[in-house]
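Reading the sequence shown from the start, the letters are residues 141 to 253 in the numbering used here. Ideal placement from N, C-alpha and C gives every residue a C-beta, glycine not left out. Small disclaimer: the values here were computed from a predicted structure and weren't measured.
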Amino acid sequence: MKIKPKRILEILEEKGLPVPKKQQLSSYLISLRKKYYGASTISLGELEAWCQRNSLIPDDDDKPWVLKYQIEYDDEINKDDDNKNKFRFFVTTRRLLFNASISYKIHVDATYK
């Protein structure tokens, strides 16, 4: 159930319960989210470990896996470059690869920041 902090405060007030400040509630929800789901960001090392763990081709045709990945740390990058960490990874499924092999056109999506 996804309820916004503003709605939570309204419900508490309707039920006659003590109503915290909005900032207190937001801080509590952030700490609760971290407790149950972990940090919302990961390091490049953690991403690289995840890619390695998910690089084996699964038996299930619809289970995603990492086909290829590349991670460049700022101390490994060419001097001609902008000296920033870079990463790219390609996630697919066996079914998607099969469909691509029998198709004439493929739609590819990427995000660049």
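- Item | Among W205, R228, S243, nearest to Y256 - alpha-carbon criterion | This structure cannot speak to residue 256, because the chain is shown only from 141 to 253.
- Task: Between the Cα of Q210 and those of N239, L184, S180, spot the shortest distance and give me the residue it belongs to.
- Result: L184
- Task: Helix, strand or coil for K208, going by three-state DSSP, please let me know.
- Result: strand
- Span separating the alpha-carbon of Q163 from that of I242: 54 Å
- Roughly how many angstroms separate the alpha carbons of R147 and H247, rounded to a whole number? 40 Å
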